[in-house]
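Chemist:
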Amino acid sequence: MVKKNLAMFTEKIPTSLDKMRDASCNYETYESRTGTGFSSIYTQCLLDKTKERIKYLKKINKEWRSEVNRK
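In this note's numbering, the protein residues as written are 2 to 72.
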């Protein structure tokens with residue numbers, strides 16, 4: 002039962018993270034929407050947010066694995 006609930010939760014994570022990233026970049030780049038560099042600025046924001054999320058997920062995965070190995 003726990004594995005099933007965990008699987009359901011983890012299936013929703015990528016979509017939720019994408020929505021959060023997109024909303025954040027929409028907000029952060031709002032002022033530059035009418036400028037000629039908007040596309041580059043928005044794309045860089047998406048890349049930066051994605052890299053931050055990957056770094057964070059690797060960190061918590063490492064912490065989780067070390068916690069599991071202690072038990």
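Note that beta-carbon positions come from the ideal geometry of N, C-alpha and C, so glycine has one too.
Whole angstroms is fine: what's the gap from Y57's alpha carbon to Y31's?
Modeler: Their Cα atoms are separated by approximately 26 Å.
Chemist: For K63 and N70, what's the separation of their Cα atoms in angstroms?
Modeler: When rounded, the distance between both Cα atoms is 11 Å.
Chemist: Compare the C-alpha of P15 against each of S67, I61, I55 and E68 and name the closest.
Modeler: If we check each option's Cα against that of P15, I55 comes out closest.
Chemist: Ignore the nearest five residues each way along the sequence and tell me which others in K50's own chain have a CB closer than 7 Å to its CB.
Modeler: Within the same chain, K50 has close Cβ partners R22, S25 and C26.
Chemist: Have a look at S33 and W65 and give me their C-alpha separation to the nearest angstrom.
Modeler: Taking the straight line joining both Cα atoms gives about 40 Å.
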